[in-house]
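Step one of this worksheet: look at the structure below.
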Amino acid sequence: MYNPQSSIQAGRSPDKAPQGQDALADERTGNEQIRALLRTFGLRTSLIRLKVIDALHVAQRNGRSIGVRGVHAQLQQLDIPLSFLSVREVLKRLCAEGVIQLGSDKCYSLNPQARAVLEQTPPR
């Protein structure tokens, strides 16, 4: 079957990576750290857990905490089609397992152990 992308990519020089590949490599690295975090807490990896934890980590790095609506809104901005109820249930489960904590302001944040796992420098 003819793939028009293959002919475009064939003309590209091998030493020049497309801009999107750097971002993709960063995302993979981040996903590996989140996968390690989930393993540390004895949880399976799922797309929704990866995205929810990433949203919380980004918010925390930016000095803020967010609630269910904030996490859901952030995922919608990234065109990740998850329902509000799904996001809420994942947050509840992660909280029950000790990965995240719910503050008195109804906002979620990563617990210190989880943050430490995510902020480790990945091996290269």
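Just so you know, our numbering puts 11 at position 4 of the sequence shown, and the rest follows in order with no gaps. Beta carbons are placed, not taken as given, at the ideal position from N, Cα and C, and that holds for glycine.
Notebook entry, point to check: Which two residues bound the contiguous alpha helix (DSSP H) that contains Ser116?
Noted result: Taken as a continuous stretch (DSSP letters only), Ser116 belongs to no alpha helix (DSSP H), being part of the beta strand (DSSP E) at Tyr115 to Leu117.
Note to self: Given a cut-off of 8 Å on the beta-carbon distance, is the pair Ile55 and Tyr115 in contact?
What the structure shows: no
Item checked: In DSSP terms, what Gln108 is bridged to -> Ser116
Margin query: Measuring only the C-alpha atoms, how far is Ala123 from Arg42?
Written below: As the crow flies, the alpha-carbon of Ala123 is around 14 Å from that of Arg42.
Check: With 16 as the cutoff for other CB atoms within 10 Å, does Gln40 come out buried or exposed?
Finding: Gln40 counts as buried, since at least 16 other C-beta atoms from the protein chains shown sit within 10 angstroms of its C-beta.
Next item on the list: Can you tell me the Cβ-Cβ gap for Leu82 and Val94, rounded? I've got them flagged as a contact below 8 Å.
Entry: 7 Å
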